[in-house]
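Undergrad:
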Amino acid sequence: MASHESSYTPGNPVEKWLDDRLPIIRFSKEHLMDYPTPKNLNYWWTFGGILAVMLVVQIVTGIVLAMHYAPNVALAFDSLEHIRRDVSGGRIIQAVHAVGASMFFAAVYLHIFRGLYFGSYKAPREILWILGVLIFVLMMATAFMGYVLPWGQMSYWAAQVITNIFAAIPIVGEPILLLLRGGFTVDNATLNRFFSLHYLLPFVIAAVVALHIWALHVPGNNNPIGVEVKSSRDTVPFHPYYTMKDLFAIIVFFIPFAWFVFFAPDILGHSDNYIQANSLVTPAHIVPEWYFLPFYAILRAIDFNILFIDSKLGGVIFFGGSILILFFLPWLDTSKVRSGTFRPIFKWFFWLFVVNFVMLAYLGASAADSSVLGLSVADFSKLCTAYYFLYFLVILPLLGRLETPRSLPESISEAVLKKSAGGSSAAAAH
Amino acid sequence: MATQSSTAHQDAPNPGRRDFLYVAAGAVGAVGVAGAVWPLINQLNPDASVLALASAEFDLSAVEEGQSLTVKWRGMPVFIRHRTATEIEEAKAVPLSDLKDPQTDAQRVKEGHEQWLIMIATCTHLGCIPVGESGEFGGWFCPCHGSQFDTAGRIRKGPAPTNLVLPPYEFISDTQVKIG
Chain A
547 MASHESSYTP GNPVEKWLDD RLPIIRFSKE HLMDYPTPKN LNYWWTFGGI
597 LAVMLVVQIV TGIVLAMHYA PNVALAFDSL EHIRRDVSGG RIIQAVHAVG
647 ASMFFAAVYL HIFRGLYFGS YKAPREILWI LGVLIFVLMM ATAFMGYVLP
697 WGQMSYWAAQ VITNIFAAIP IVGEPILLLL RGGFTVDNAT LNRFFSLHYL
747 LPFVIAAVVA LHIWALHVPG NNNPIGVEVK SSRDTVPFHP YYTMKDLFAI
797 IVFFIPFAWF VFFAPDILGH SDNYIQANSL VTPAHIVPEW YFLPFYAILR
847 AIDFNILFID SKLGGVIFFG GSILILFFLP WLDTSKVRSG TFRPIFKWFF
897 WLFVVNFVML AYLGASAADS SVLGLSVADF SKLCTAYYFL YFLVILPLLG
947 RLETPRSLPE SISEAVLKKS AGGSSAAAAH
Chain B
177 MATQSSTAHQ DAPNPGRRDF LYVAAGAVGA VGVAGAVWPL INQLNPDASV
227 LALASAEFDL SAVEEGQSLT VKWRGMPVFI RHRTATEIEE AKAVPLSDLK
277 DPQTDAQRVK EGHEQWLIMI ATCTHLGCIP VGESGEFGGW FCPCHGSQFD
327 TAGRIRKGPA PTNLVLPPYE FISDTQVKIG
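Set out below in structure tokens:
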């Protein structure tokens, strides 16, 4: 797929001159327009485009906000209010950035679950998947540091708790903690460096996104049936087929985005964050932003010692492990069949995994000493954490060997034709 | 292939010397880079103005029995609790076998000043500030993840791995304490 013939011929002497020196138009035409794309991609495949747009939205609004924001403990909180009240259009720009973070994560979770269901991480797309997980990790770091900048109570205590996670590392934990915070506690030095890094990381993400797309364009897209492209009959050019489909999806995605921005910009946040940071008072119920809740629940679930590992380090190991395990997923899933569509038993475990993940989020938001469905939050969290890891470490490795998949279609075009024939005969029967 | 590469090797004027120069140049380069990177990392450490606030003195004369004071030391909150006689008795009565991080009450306070419990007010789990005079053990309760501490600030229940940390401090007089 990557080795397809270039169809570009420079249209005029200027283009020809440019093409001999920097073939940027040729490159764009090959990769953004003519790029052969499986013709059966469904709407789950539009989240890549949506995510690219969201990264641009966050970078653009972020650069503008940095023009009015003051990264100093005495000024930060007020400068945010200044942006929201005094800066022309600042209320909307700030809301787009804050809500944008949530929308970005919503899209990235759907994108990741798409990959999990359709086996997009399997050979030859391991590097593509690993780069994707790397982007996810960078996004989490960026979002966390961005959340500290408003310097409200939740900002401060999130910074306190998350940096403290590093203190759990044996021996080097304490020096690392001092190094991260630049003080004995979260203070001005911490806020300043978080601002600096929050500005830097999105550009690092953009660079990894470029590699992610490069790694996508070598093997080409996976697709809903998971059968590789076999001939040109299986593909359509990216433009206009998928540029238009992506554009439509982006517009639909912007509807809830706009609703939040214009009608409920603070609904996804916490009211405590409108109280200025106070190092002497912890809010009664601290919770991270919704997109960190499942991992936060895993961190909290380990409240017991495991052999010589104390509960604090144990929580951190499971928390880190829940993300690191994604890097190894291509080698943990032993099934030769990519798409979940043709794996009858896998489907059940996959959807249970999705429900379990949502449940973890719910538990992460619940108070530590409350109970859910008759089980204490602590016990329920342990159960869900166990399933999270079992899915990757036991179910996927075994299922590939035990399950009999349904027979795969010969090719993408055969599957598409069969589907449309099936669809029209069903319509005729009515 | 094997013959080809060995011929190529023989063609080089002095392969051993060349390899040595290659490795030596690389090593010098790596040391240079590490030396240049170190100050860039080290600048993240607490600066002189933060380190300068290493010790502070506090007057305890206004703190009545049963009252607590939260002071700031190195930017961190520190609890100074004037314990009641019952609280001290309670703390002393706990058998060490009940404790996750065994310490006697005497190890938690200064001799002759047993009524004063002075501890860094951040939970040893993830750094939240526990709420005083609450929880099942009459000491402190951390609202973040539910750790419970007794009247000597020792961990009794919940995810915190150790007792609340004691800062270095000394009594200058009966009512004056120097922390740090």
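Chains A and B are the protein sequences, given in the same order. Take any residue in the first sequence, note its place counting from 1, add 546, and you have its number in this note's numbering. Take any residue in the second sequence, note its place counting from 1, add 176, and you have its number in this note's numbering. For glycine and all other residues, C-beta sits at the position ideal for the given N, C-alpha and C.
1. Can the beta-carbon of A:GLY860 be found less than 8 Å from the beta-carbon of A:ILE848?
2. Taking buried to mean at least 16 other C-beta atoms within 10 Å of its own C-beta, is A:ILE708 buried or exposed?
3. Where are the alpha helix (DSSP H) runs, 4 residues long or more, that stay fully inside the segment 718-797 of chain A, in chain order?
4. According to DSSP, is A:THR583 part of a helix, a strand, or is it coil?
5. Contact check, B:HIS258 vs B:GLN283 under 8 Å by CB: the rounded distance?
6. Considering B:MET252, what are the terminal residues of the beta strand (DSSP E) in which it resides?
7. Using a C-beta to C-beta distance shorter than 7 Å, which residues of chain B count as neighbours of A:ASN710?
8. What are the residues in the segment 836-850 of chain A lying within 9 Å of chain B by C-beta distance?
9. Contact between the segment 607-623 of chain A and the segment 685-702 of chain A is defined here as three or more beta-carbon pairs at a separation below 8 Å; is this criterion met?
10. Inspect the CB distances between the segment 567-587 of chain A and the segment 949-969 of chain A and report whether three or more fall short of 8 Å.
11. Using the Cα positions of A:ILE797 and B:ILE217, report the straight-line distance between them to the nearest angstrom.
12. Is it buried or exposed, A:ASP780, if we count other Cβ atoms within 10 angstroms and call 16 or more buried?
13. Residues of chain B with a CB under 8 Å from the CB of A:ARG978: which are they?
14. DSSP puts A:TYR934 in a beta bridge; with which residues?
15. When you compare the CB of A:VAL827 with every CB in chain B, is at least one pair closer than 8 Å?
16. For the beta strand (DSSP E) holding B:GLU357, just list the boundary residues, first then last.
17. Could you give the DSSP three-state label for B:GLN219: helix, strand or coil?
18. Please name the residue or residues paired with B:GLN324 in a DSSP beta bridge.
19. Name, please, each residue of chain A whose Cβ falls closer than 9 Å to the Cβ of B:ARG250.
20. Just to confirm before moving on: does the CB-CB distance between B:THR246 and A:LEU826 stay below 8 Å?
21. Please check if any C-beta of chain B sits within less than 8 Å of the C-beta of A:TRP703.
22. What are the residues that DSSP puts in a beta bridge with B:ALA232?
23. How many whole angstroms separate the CB atoms of A:THR607 and A:PRO770, which I take to be in contact at a CB cut-off of 8 Å?
24. If the cut is a Cβ gap below 7 Å, which residues of chain A does B:VAL207 touch?
25. Closest to A:LEU878 by CA distance: which of A:THR592, A:VAL773, A:LEU936, A:PHE784 is it?
26. For B:PRO343, which option in B:ALA336, B:GLY356, B:GLY242, B:ILE331 has the closest C-alpha, if you only look at C-alpha atoms?
27. May I have the straight-line CA-CA distance separating B:GLY288 from B:THR351, to the nearest angstrom?
28. Applying a beta-carbon distance threshold of less than 8 Å, which residues of chain A neighbour B:PRO343?
29. For the segment 640-726 of chain A, list the alpha helix (DSSP H) runs that are entirely contained and at least 4 residues long, ordered along the chain.
30. Among A:PHE803, A:HIS763, A:LEU747, A:LEU872, which one has its Cα closest to the Cα of A:TYR581?
31. Compare the C-beta of A:GLY861 with all C-beta atoms of chain B and state if any pair is closer than 8 Å.
32. So, for A:ALA669: in the same chain, excluding its five sequence neighbours on each side, which residues have a beta-carbon less than 8 Å away from its beta-carbon?
33. Name, please, each residue of chain B whose Cβ falls closer than 7 Å to the Cβ of A:HIS831.
34. Measuring CB atoms only, is the segment 938-949 of chain A touching the segment 905-914 of chain A, in the sense that at least three cross pairs come out at less than 8 Å?
35. When the cut-off is 8 Å and only beta carbons count, does B:PRO337 lie next to chain A?
36. Indicate whether at least one CB of chain B lies closer than 8 Å to the CB of A:VAL694.
TA: The structure says:
1. Here residue 860 of chain A refers to the residue found at position 314 when the first sequence is read from its first residue. Here residue 848 of chain A refers to the residue found at position 302 when the first sequence is read from its first residue. Going by C-beta atoms, A:GLY860 is nearer than 8 Å to A:ILE848.
2. The count along the first sequence starts at 1 and reaches residue 708 of chain A at position 162. Around the beta carbon of A:ILE708, 16 or more other beta carbons sit within 10 angstroms, so the residue counts as buried.
3. For the segment 718-797 of chain A, the continuous alpha helix (DSSP H) assignments of 4+ residues that do not extend past its boundaries occur at 719-727, 734-763, in sequence order.
4. Within the first sequence, the letter at position 37 stands for residue 583 of chain A. In this structure, A:THR583 counts as strand in the three-state DSSP scheme.
5. Taking the second sequence and counting its residues from 1, the one referred to as residue 258 of chain B is at position 82. Taking the second sequence and counting its residues from 1, the one referred to as residue 283 of chain B is at position 107. That pair is no contact at about 19 Å.
6. The sequence position of residue 252 of chain B within the second sequence is 76, counting from 1. 252-258 is the span of the beta strand (DSSP E), which, as asked, contains B:MET252.
7. For the purposes of this step, residue 710 of chain A is identified with residue 164 of the first sequence, where counting begins at 1. One finds LEU302, GLY303 in chain B with Cβ atoms closer than 7 Å to the Cβ of A:ASN710, taken in chain order.
8. Taken in chain order, the members of the segment 836-850 of chain A whose beta-carbon sits within less than 9 Å of a beta-carbon on chain B are LEU845, ARG846, ILE848, ASP849, PHE850.
9. Under the Cβ criterion (8 Å, minimum of three pairs), the segment 607-623 of chain A counts as touching the segment 685-702 of chain A.
10. A contact exists between the segment 567-587 of chain A and the segment 949-969 of chain A.
11. Locating residue 797 of chain A in the first sequence gives position 251, where the first residue counts as 1. Locating residue 217 of chain B in the second sequence gives position 41, where the first residue counts as 1. Cα atoms of A:ILE797 and B:ILE217: separation of roughly 44 Å, rounded to the nearest angstrom.
12. Counting from one through the first sequence, the residue named residue 780 of chain A turns up at place 234. With 16 or more other Cβ atoms within 10 Å, it is buried.
13. Nothing in the structure corresponds to residue 978 of chain A, since chain A is present only between 547 and 976.
14. Here residue 934 of chain A refers to the residue found at position 388 when the first sequence is read from its first residue. A:TYR934 is bridged by DSSP to nothing; it lacks a bridge partner.
15. Here residue 827 of chain A refers to the residue found at position 281 when the first sequence is read from its first residue. Yes, A:VAL827 counts as interfacial toward chain B.
16. Because chain B here runs from 177 to 356, residue 357 of chain B falls outside it and cannot be looked at.
17. In the second sequence, counting from the first residue as 1, residue 219 of chain B sits at position 43. It is coil, neither helix nor strand.
18. As a position in the second sequence, residue 324 of chain B is number 148, starting the count at 1. DSSP links B:GLN324 through a beta bridge to B:PHE317, B:LYS333.
19. Here residue 250 of chain B refers to the residue found at position 74 when the second sequence is read from its first residue. From the beta-carbon of B:ARG250, the residues of chain A found nearer than 9 Å are GLY729, PHE730, THR731.
20. On the second sequence, position 70 is the one that residue 246 of chain B refers to. On the first sequence, position 280 is the one that residue 826 of chain A refers to. In contact: B:THR246 and A:LEU826 (Cβ atoms closer than 8 Å).
21. Here residue 703 of chain A is taken as the residue at index 157 of the first sequence, counted from 1. It does: the Cβ of A:TRP703 has a partner Cβ on chain B nearer than 8 Å.
22. For the purposes of this step, residue 232 of chain B is identified with residue 56 of the second sequence, where counting begins at 1. Partner(s): B:ILE355.
23. Counting from one through the first sequence, the residue named residue 607 of chain A turns up at place 61. Counting from one through the first sequence, the residue named residue 770 of chain A turns up at place 224. That belief does not hold up - the Cβ atoms of A:THR607 and A:PRO770 are roughly 34 Å apart, past 8 Å.
24. The residue you call residue 207 of chain B lines up with position 31 of the second sequence. Here the premise fails: no neighbours, minimum Cβ distance about 22 Å.
25. Position 332 of the first sequence, counted from the start, is the residue given in the question as residue 878 of chain A. Comparing Cα-Cα distances from A:LEU878 to each of A:THR592, A:VAL773, A:LEU936, A:PHE784, the minimum goes to A:LEU936.
26. For the purposes of this step, residue 343 of chain B is identified with residue 167 of the second sequence, where counting begins at 1. The candidate whose alpha carbon is nearest that of B:PRO343 is B:GLY356.
27. As a working mapping, residue 288 of chain B is identified with position 112 in the second sequence. As a working mapping, residue 351 of chain B is identified with position 175 in the second sequence. CA-to-CA, the gap between B:GLY288 and B:THR351 works out to about 12 Å.
28. Here residue 343 of chain B is taken as the residue at index 167 of the second sequence, counted from 1. Against B:PRO343, chain A offers no close residue; the least beta-carbon distance is about 10 Å (beta-carbon pairs closer than 8 Å).
29. If we require 4 residues or more, the alpha helix (DSSP H) runs fully inside the segment 640-726 of chain A come out as 672-694, 699-712.
30. Along the first sequence, one-based indexing puts residue 581 of chain A at 35. The shortest C-alpha separation from A:TYR581 is found at A:HIS763.
31. Here the question's residue 861 of chain A lines up with position 315 in the first sequence. Closer than 8 Å to some Cβ of chain B, the Cβ of A:GLY861 qualifies, so yes.
32. For the purposes of this step, residue 669 of chain A is identified with residue 123 of the first sequence, where counting begins at 1. Non-local C-beta neighbours of A:ALA669 in its own chain, meaning closer than 8 Å and more than five positions away in sequence, comprise PRO876, ordered along the chain.
33. Within the first sequence, the letter at position 285 stands for residue 831 of chain A. Neighbours of A:HIS831 on chain B, chain order: PRO319.
34. The segment 938-949 of chain A vs the segment 905-914 of chain A: no contact.
35. Here residue 337 of chain B refers to the residue found at position 161 when the second sequence is read from its first residue. Taking Cβ atoms only, chain A reaches closer than 8 Å to B:PRO337, which makes this a yes.
36. Here residue 694 of chain A corresponds to residue number 148 of the first sequence, with the count starting at 1. Not closer than 8 Å to any Cβ of chain B, the Cβ of A:VAL694 fails to qualify, so no.
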